[in-house]
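Going by the numbering used here, the residue at position 66 of the sequence shown is 54; the numbering climbs one at a time, nothing skipped. Down below is the structure, laid out as structure tokens.
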Amino acid sequence: MIKINNISRSFIGDEVETVAIDEMNLTINKGEFLSILGPSGCGKSTLLNVLGMLDSIDSGKFSFLDNPVDKFSEQQRAKLRKQHIGFIFQNFNLIDELTVEQNIELPLYYHNVAKAERKKLVDAVLKRVDISHRRKHLPAKLSGGQQQRVAIARAIVTEPDLILADEPTGNLDSKSSTQVMTLLQQLNQDGATIVMVTHAAEHVCYSSRVIELLDGKIINDHQVDGEVQSGNDEINGMAKGEKNQQTFAEVSCG
Ligand SMILES: Nc1ncnc2c1ncn2[C@@H]1O[C@H](COP(=O)(O)OP(=O)(O)OP(=O)(O)O)[C@@H](O)[C@H]1O
Ligand SMILES: [Mg+2]
């Protein structure tokens, strides 16, 4: 589905250049549920934004569903994004003035879906994320977990092939986090490809594969199947050395 070859992305600030993605290679197959782990500032969000075509690359090749995205104009990228990708953010990014059902309906307007069909699709996803009883509420009247379920409903109402989630449980308590992770896992089982950035190493267990980033590079790439130990001594050493940055090397999913 996604193939990136040797891509780089830098940000130029006041005289300093930050290399957020450094000559990275990655292939993501249809049906995968990929977790991205790594310390703050290592390039996780930048990578997700590049994959979602919200950000462009400085060099390298990027193919999405066989489209040469690196050669595409902004307009072509926007079209591809609208057709195939749904986003979920840490801060939910719901529109405060719109009700739950209006928030979810919004992307369907942009897809020119007729009114009756919009209602049918909105009803179905409301049920799917178990929030039908709050459909007339404004986001501010909902708990964080409920808001994130609405945001997931909005992301999936257009039936995207790829769901990109940047720390979707970052602002949630553990019960709501479990609900959101279970929902993502079900969506993946129903055929969506998911790429999720997370700080919570235990959430990696819901996914099928995990990559770890450091300084804009992939330093580890595992399949998730039961108990997993990092084969990389450098990572295991790092996990021991840095107490507050739990890496996947320390987690088992048995
Ligand atoms: N728009 C920007 N302008 C300048 N620098 C940026 C910009 N976006 C990201 N960076 C820099 O690029 C690097 C990677 O940032 P990124 O947001 O991808 O990290 P992250 O892994 O998502 O971190 P966190 O876990 O804190 O969210 C950081 O050094 C950051 O300061
Ligand atoms: Mg980030």
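Beta carbons: idealized from backbone N, C-alpha and C, even for Gly.
Through-space distance from residue j to residue i, alpha-carbon basis
| i | j | result |
| --- | --- | --- |
| residue 114 | residue 106 | 12 Å |
| residue 211 | residue 89 | 37 Å |
| residue 134 | residue 119 | 7 Å |
| residue 145 | residue -2 | 34 Å |
| residue -4 | residue 45 | 6 Å |
| residue 19 | residue 104 | 31 Å |
| residue 190 | residue 157 | 12 Å |
| residue 16 | residue 126 | 37 Å |
| residue 150 | residue 1 | 32 Å |
| residue 57 | residue 36 | 15 Å |
| residue 213 | residue 176 | 16 Å |
| residue 68 | residue 52 | 9 Å |
| residue 12 | residue 3 | 24 Å |
| residue 178 | residue 163 | 23 Å |
| residue 240 | residue 95 | 38 Å |
| residue 77 | residue 152 | 8 Å |
| residue 112 | residue 123 | 12 Å |
| residue 61 | residue 98 | 20 Å |
| residue 209 | residue 108 | 40 Å |
Per DSSP, cross-strand counterpart(s) of residue i
| i | result |
| --- | --- |
| residue 74 | 151 |
| residue 198 | 23 and 210 |
| residue 14 | -8 |
| residue -3 | 9 |
| residue 55 | 52 |
| residue 67 | Looking at the DSSP assignment, residue 67 forms no beta bridge with any residue, so it has no partner. |
| residue 205 | 202 |
Supposed contact pair residue j and residue i - C-beta distance, whole angstroms, cut 8 Å
| i | j | result |
| --- | --- | --- |
| residue -8 | residue 49 | 7 Å |
| residue 110 | residue 93 | 5 Å |
| residue 132 | residue 160 | 5 Å |
| residue 74 | residue 143 | 3 Å |
| residue 182 | residue 172 | 6 Å |
| residue 8 | residue 26 | The pair is not a contact, with the Cβ atoms about 12 Å apart (cut-off 8 Å). |
| residue 206 | residue 42 | Residue 206 to residue 42, Cβ: 20 Å. No contact. |
Reference residue i; option with closest CA among the options
| i | options | result |
| --- | --- | --- |
| residue 130 | 83, 31 and 17 | 83 |
| residue 140 | 174, 29, 163 and 190 | 174 |
| residue 242 | 205, 201, 109 and 195 | 195 |
| residue 185 | 176, 200, 171 and 178 | 200 |
| residue 136 | 85, 240 and 154 | 154 |
| residue 128 | 64, 91, 183 and 28 | 91 |
| residue 180 | 168, 147 and 162 | 147 |
| residue 28 | 35, 43 and 187 | 187 |
| residue -11 | 9, 22, 11 and 5 | 22 |
| residue 81 | 70, 163, 72 and 138 | 138 |
| residue 100 | 70, 34, 152 and 11 | 70 |
| residue 166 | 193, 240 and 6 | 193 |
| residue -6 | 6, 5 and 10 | 10 |
| residue 256 | 38, 121, 61 and 55 | No answer is possible for residue 256: the residues shown for the chain start at -11 and end at 242. |
| residue 65 | 79, 38 and 33 | 38 |
Where residue i falls: helix, strand or coil (DSSP)
| i | result |
| --- | --- |
| residue 41 | coil |
| residue 145 | coil |
| residue 87 | coil |
| residue 110 | helix |
| residue 49 | strand |
| residue 100 | coil |
| residue 140 | helix |
| residue 92 | helix |
| residue 183 | strand |
| residue 124 | coil |
| residue 157 | coil |
| residue 241 | coil |
| residue 3 | coil |
| residue 189 | helix |
| residue 79 | coil |
| residue 231 | Low confidence applies to residue 231: its pLDDT is 36, below 50, so where it sits in the model is not reliable, and the reading given next is rough at best. Note: residue 231 maps to coil in three-state DSSP. |
Any non-hydrogen atom of ligand 4 within 7 Å of residue i CB
| i | result |
| --- | --- |
| residue 6 | No copy of ligand 4 appears in this structure; the ligands present are ligand 1 and ligand 2. |
CB contact below 8 Å: residue i versus chain D
| i | result |
| --- | --- |
| residue 14 | The structure shown has no chain D; it contains just one protein chain. |
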